[in-house]
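See structure below.
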Ligand SMILES: Nc1ncnc2c1ncn2[C@@H]1O[C@H](COP(=O)(O)OP(=O)(O)OP(=O)(O)O)[C@@H](O)[C@H]1O
Ligand SMILES: [Mg+2]
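Chains as they are written, first to last, in full-length UniProt numbering: chain A, 1 to 121; chain B, 1 to 493.
Here it is in structure tokens:
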């Protein structure tokens, strides 16, 4: 059965590119959102196995969203993966205390990587 | 007012006359004692003892009176016929005449000497007072301290009972900035006054120059009322002009009727010029500080903006392109191995370009600073450090953008220096919030000997810290490591 993935990113270009990349790996993108409010409103209904959250959501912070996902939705923090344009090692100190399974550089995105992270966690 | 002034002058002259009488009587008694032994005419000179003090303290006219009185007493008591003012002998008359002239001339000289001495004393007092104030101006003491000091100097020098310094406000009021009184009195500093009634400040502004006020009697308004309560009679006020505009006023007042000497305005002008210089200095310094801060803050903001633009623009696009390329690759049949290898190379090149771009962006402004604040940014910096580093980060709260950026660049530059010059085996970075300052310290155990004059890095750091109103301290003895400490004020930045 295909992995169900939800993506939160403020760039529609990226949402598009990420969707085709993941779908070519057999992952089903069950929903996308560009803001915190959109994400919180759609997450529970989408029933994702994994949620990708961009650290930098324009004027909003993906770290805030990760915290609110923990308290305001049924999604488990172990299903949340933070993604960023920056290299993961540049931001690692930022996400120490954030409820998420991992921090992933956007260029490393693939079905294989997502499955490995979820299996590890 | 005029009547009062005349009456006090009369009283002064009467005192002088009484003193003259007493002195003449005393000398007469003295001569009486010597009379049996010494020829009396030679004792006539003793009356100078009476004339001189009167000349010194009451001036020439009263000295003339004293001389006449002396001659009269001498003629009456010692020259035959005794107990009469008639003179039998012409020689005695000449002697008395010569004495009279001598006494008047000597008296006049003594009076002049006395005046010269007083003037010299006054000048010397004025010079030392000016010097004291000038020293304070040069030391850049706080304006409030200077205002108080000048007010007191002016008050003492003018022999006043009260002195005030006031600043004109844009709304037409004045604020007291300095006050002094000879005897303890309730004087308000920091309070605003309206200039609706009679006041020295109003008159100085109206006249755009020094003024004298003889009385507040019958005047209305808050200031006039306070002046009446304090028993102020005559006042003098001088403008303080800063850079061509009327800034404030210094006023001295007396509770007695002795008028201020004619030179008083000129005397006070020496002080108002110093005050103006001090204010100009302080304003120039404040402007300089503000412009330095603007330079640093603008530069930091530009760096951050460039990093944002790179992130939101080129980086974001390259990331999407790399993903799309990978997607395309999954659709290439495996037997087209040459094409696949080609695409792999393109992907590799794309990834390298992204890495380089990230590196550049991070050097311009680390994204983690804006996202997470100082501590995560310093941890990230420490992770990439080429020499062993220990972080003690006690300043955990988010601070203003400019402060976080400055503290970050401070550590970054100092770390670069330590790695480049110190040969240290350990660098310790500490951040702390103490009172209302952010304290950042970088200490290495290397060879020391760091010097502001041998590069631009340390100088740039000092500029950066001072621009935000902070202080940089460098301690780098040879062979004993280097400690750089920066203290940034939390307020006002
Ligand atoms: N931590 C340190 N340990 C020992 N010497 C130091 C240290 N930091 C600086 N110095 C000395 O002080 C000098 C001045 O430092 P500064 O940072 O101003 O210039 P720089 O590092 O030589 O050049 P740049 O302008 O590129 O920073 C250095 O050349 C070096 O000799
Ligand atoms: Mg340097």
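Don't be surprised by glycine CBs; every beta carbon is placed ideally from N, CA and C. Note that this is a predicted model, so its numbers are computed, not measured.
- Judged by DSSP in its simplified three-state form, residue 141(B) adopts coil rather than helix or strand.
- Rounded to whole angstroms, the separation of the alpha carbons of residue 16(B) and residue 58(B) is 6 Å.
- For the options 229(B), 437(B), 443(B) and 322(B), the alpha carbon positioned closest to that of residue 429(B) is the one of 443(B).
- With 7 Å as the limit between CB and the heavy atoms of ligand 2, the residues that fall short of it are 413(B), 416(B), 417(B), 420(B), 455(B), 457(B) and 458(B).
- Taking 8 Å as the upper bound for CB-CB distance, residue 410(B) and residue 464(B) are in contact here, some 7 Å apart.
- Bounds of the alpha helix (DSSP H) holding residue 380(B) are 374 to 383.
- For residue 345(B), the nearest beta carbon of chain A is not closer than 8 Å to its own beta carbon.
- Residue 322(B) and residue 341(B) have their C-alpha atoms spaced approximately 15 Å apart.
- Identification of chain A residues near residue 367(B) by a Cβ-Cβ cut-off of 8 Å yields 56, 86, 90 and 91, ordered along the chain.
- Under the three-state reduction of DSSP, residue 281(B) is assigned to helix.
- In the structure shown, residue 84(B) adopts coil according to DSSP, grouped into three states.
- Burial is judged here by how many other beta carbons sit within 10 angstroms of a residue's own beta carbon; residue 167(B) has at least 16 and is buried.
- Contact check for residue 25(B) against residue 107(B) fails: the beta carbons are separated by 8 Å or more.
- Restricting attention to alpha helix (DSSP H) runs no shorter than 4 residues, the stretch 370 to 444 of chain B encloses them at 374 to 383 and 401 to 417, ordered along the chain.
- For residue 450(B), the distance from the CB to the nearest heavy atom of ligand 1 is below 7 Å.
- Using a 10 angstroms sphere on the CB of residue 487(B), the tally of other CB atoms reaches 16 or more, which defines it as buried.
- The beta carbons of residue 79(A) and residue 101(A) sit closer together than 8 Å.
- For residue 40(A), no CB of chain B lies under 8 Å from its own CB, so it is not counted at the interface with that chain.
- Under a criterion of Cβ atoms nearer than 7 Å, the residues of chain B adjacent to residue 11(A) are, in order, 316.
- The nearest non-hydrogen atom of ligand 1 is 7 Å or more from the C-beta of residue 373(B).
- Listed along chain B, the residues sitting closer than 7 Å to residue 21(A) by beta-carbon distance are 323, 326 and 327.
- Using beta-carbon distances, residue 392(B) does not count as an interface residue toward chain A, since no partner is under 8 Å.
- Note that the stretch 361 to 376 of chain B does not touch the stretch 413 to 422 of chain B; fewer than 3 beta-carbon pairs, one per stretch, sit closer than 8 Å.
- For residue 446(B), the distance from the CB to the nearest heavy atom of ligand 1 is below 7 Å.
- Residues of the same chain with a CB within less than 6 Å of the CB of residue 63(B), apart from the 5 flanking positions on each side, are 51, 54, 55 and 107 in chain order.
- Residues of chain B whose Cβ lies closer than 8 Å to the Cβ of residue 34(A) do not exist; the shortest such Cβ separation is about 14 Å.
- Against residue 376(B), the close residues of chain A are 93 and 94, in the order they occur along the chain (beta-carbon pairs closer than 7 Å).
- Following the DSSP letters along the chain, one finds residue 89(A) inside the alpha helix (DSSP H) bounded by residues 88 to 91.
- In this structure, residue 353(B) keeps its C-beta atom at 8 Å or more from the C-beta atom of residue 310(B).
- According to the DSSP assignment, residue 177(B) belongs to the beta strand (DSSP E) that extends over 174 to 181.
- At the C-beta level, residue 22(A) and residue 111(A) come within 8 Å of one another.
- For a cut-off of 8 Å, the C-beta gap from residue 164(B) to residue 149(B) is around 14 Å, too long to register as a contact.
- Assignment of residue 367(B) by DSSP, reduced to helix, strand and coil, places it in the helix class.
- Restricting attention to beta strand (DSSP E) runs no shorter than 3 residues, the stretch 49 to 78 of chain B encloses none.
- In the structure shown, the three-state DSSP call for residue 97(B) is helix.
- At a Cβ-Cβ threshold of 8 Å, residue 71(B) and residue 96(B) count as neighbours.
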